[in-house]
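This report concerns only the one structure given below.
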């Protein structure tokens, strides 16, 4: 790996390297990715970029229908209560109100502040807000739990059916007693991560409009077909009567896979009012009810031998996913402990429920394990990278960490890392840290349609959706590469449940599901065009440089325009889908972070990050880099700023806004270098998740290297840093 050629690329200072892994893709497939790539693996500007920067892209919020009303939701002011009665009549008498519906049921319970109770639709947003406040609800207030610590107390009231704490099965392997007996050093510490909300730039919501018994919904969703199914099931209507459209979408990170409560309420309001209704959540509602990443705590005892080999891991972990929701995460993460035991507990509190969030569970497991790895390396006085390499699992096609650590360390300047605690005079201390990640990233099942028109136009339709990650451009690149055309020659239509089926965009599955479907469908369309206009067998048809020609003989053929004109009035129209052999799963990477910490104020700043990441065949290098950058910026927020804070006496979130729930701003974004490991022999693999996994762990380890004291919980606030420097500890975790 170290001897592989590294080709510099522009802008972010990143690099692309070719790495040799066992092939996952099938080179003998008639639709195999071309070895000579004209557009694939290059940097292509997003085709929807001009629309977005000009403000012409239409998001759900931008949809305006004739006579459209505005919906608002009345939410519970109590963390736990029984709904005795709901009276909608006062709201229906308010000016401009056209409809009101109950969401909660009399006799049912609300389980957190912000839980949905009822909804209204009115002529203006202000009228809808006033009407929602006019709804009369009688509650029987019940005991509640505002924190994990409260819920775990033996004397805590039992708020959730089956108990406030749910223990999972014990995972155990090897012999712990023998493992600790073989240890020269033992670390016993507690590590913790906070609850992080999704903070999607575009809030959740939709516009719903009925035409008779048929519903059209413009939804901010990660799954147009899944959301169509959700509407149909909840409303008791055929799926064929529902159309879901997501022309543009402003992020979801795992929180937008169905119509949700607000979507169903919007559809009901529209039905009752006989008018289109828009219902978009505000920022407060986003924090309270739109999902979050669960917290994680792990109390760990781990052993290491004198020669730096891990011997034993004994962990007890817990966390909360909110009101009755799970909080699982992998532990230990990546590294091999021959003797291990782990017991996990889900702790329920009266707060909004978790939802899948970019690489669910992995950032928590990575942070805890990578912090532990640095502490164990310190005990045996070994370089953290050497220690990690020594304890990585056996080599596998999706586990290239050994090579990535080495090449990344060389580029990052790891040899300049000082021992724990920056000895430089003055209050500003600098340090370096590292961490590794892994993810699946496979996908299948997508279908597509390709039309080649007599005027030379090409339309590719697919029922996937573009969350802002560049899926439109990905489709255009693959189609243009296949047809020998330019990206501008391809019209891409997506984000509509009337188009051929594709699954939800989550788990880094979109690129490996969509890319093969587009390649196969467009290839079949090309073969049909060639056989019709050239009169040769399909296996002799090829296209390049704007020509359709006999394979191996570009001069024996026609220009694209001439070939299409020969279709006369009958276009080529092909429906096809995903086939095995063009994509794979399994992504791995490492990250390095350098920070500066002011030991007088406790403020930590990330100076630079290096990401070394594989993703199979790179379709659009610019988009792949953007995914890495976005993931790492989220990781910076997770490490330093973001934290859902609940009042211990009321269980109300005290920072449900963008003023006190802190996310990184422009000045917080460090210099980012990216090394993408192009693996064309593996086919396409998703890259949305992995870059966000290891950022917080690398930053936390860098802070410890800078100040010589370890802060074992995130976010790494100035108060925690100062407390650590003062030598104070709270149960081993800060």
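Numbering (this note's numbering), first residue to last: 5 to 738. Ideal placement from N, C-alpha and C gives every residue a C-beta, glycine not left out.
- Secondary structure of residue 213 (DSSP, three-state): strand.
- By a beta-carbon distance limit of 8 Å, residue 124 contacts residue 104. Their separation comes to about 5 Å.
- A straight line joining the alpha-carbon of residue 651 with that of residue 715 spans about 24 Å.
- Assignment of beta-bridge partners to residue 620 by DSSP yields 688.
- Our two residues, residue 647 and residue 359, have alpha carbons roughly 16 Å apart in a direct line.
- In the structure shown, residue 202 adopts coil according to DSSP, grouped into three states.
- Excluding its 5 nearest sequence neighbours in each direction, residue 602 has C-beta neighbours in its own chain below 7 Å: 431, 432, listed in chain order.
- By the neighbour-count criterion, in which a residue is buried when 16 or more other Cβ atoms sit within 10 angstroms of its Cβ, residue 595 is buried.
- Looking at the DSSP output, residue 86 shares a beta bridge with 113, 144.
- By the criterion of at least three beta-carbon pairs nearer than 8 Å, the stretch 334 to 348 is not in contact with the stretch 414 to 422.
- In the DSSP assignment, the residues bridged to residue 545 are 554.
- As DSSP reads the structure, residue 74 sits in a beta bridge with 126, 282.
- Of the candidates 560, 108, 181, the residue whose Cα lies closest to the Cα of residue 315 is 181.
- Setting aside the 5 residues that flank it on each side, residue 281 is surrounded in the same chain by 73, 75, 125, 212, 270, 273, 274, each with a C-beta closer than 6 Å to its C-beta; the list follows chain order.
- Shown here for residue 225: same chain residues with a beta carbon closer than 6 Å to its own, the five before and five after excluded, namely 231, 250, 260 in chain order.
- For residue 444, DSSP assigns no beta-bridge partner whatsoever.
- Taken through DSSP and simplified to helix, strand or coil, residue 589 comes out as coil.
- Residue 297 is bridged by DSSP to 200.
- Going by DSSP, residue 321 is part of no alpha helix (DSSP H) but of the beta strand (DSSP E) stretching over 314 to 323.
- The criterion of a C-beta distance shorter than 9 Å is not satisfied by residue 329 and residue 372.
- Approximately 7 Å separates the beta-carbon atoms of residue 299 and residue 331; this is inside 8 Å, confirming the contact.
- Closest in C-alpha terms to residue 598, from the list 591, 612, 605, comes 612.
- Proximity to residue 34 across 568, 241, 555, 624 peaks at 555, based on C-alpha coordinates.
- Of 445, 457, 539, the smallest CA-CA separation from residue 518 is found for 445.
- Sequence-distant Cβ neighbours of residue 155 in its own chain, meaning closer than 7 Å and more than five residues away, are 149, 168, 169, 351, 352, 353.
- Between residue 313 and the set 292, 335, 188, the nearest pair of CA atoms involves 188.
- Where residue 389 is concerned, the enclosing alpha helix (DSSP H) starts and stops at 388 to 394.
- When rounded, the separation of the alpha-carbon atoms in residue 69 and residue 502 is 20 Å.
- By the Cβ neighbour-count rule, residue 58 is exposed, with fewer than 16 other Cβ atoms within 10 Å of its own.
- Taking residue 638 as the centre and dropping the five residues before and after it, the same chain places the C-beta of 362, 696 closer than 7 Å to its C-beta, in chain order.
- For residue 564, same chain residues with a beta-carbon under 7 Å away, outside a window of 5 residues either side, are 460, 489, 550, 551, 552 in chain order.
- When the five nearest sequence neighbours on each side are left out, the beta carbons in the same chain lying within less than 6 Å of the beta carbon of residue 708 are those of 714, in order along the chain.
- A straight-line Cα-Cα distance of about 31 Å links residue 711 and residue 658.
- Classified as exposed, residue 32 has fewer than 16 neighbouring CB atoms from the shown chains inside 10 Å of its CB.
- In the DSSP assignment, residue 348 falls within the unbroken beta strand (DSSP E) covering 344 to 351.
- For the set 477, 575, 523, 510, the Cα lying nearest the Cα of residue 537 is the one of 575.
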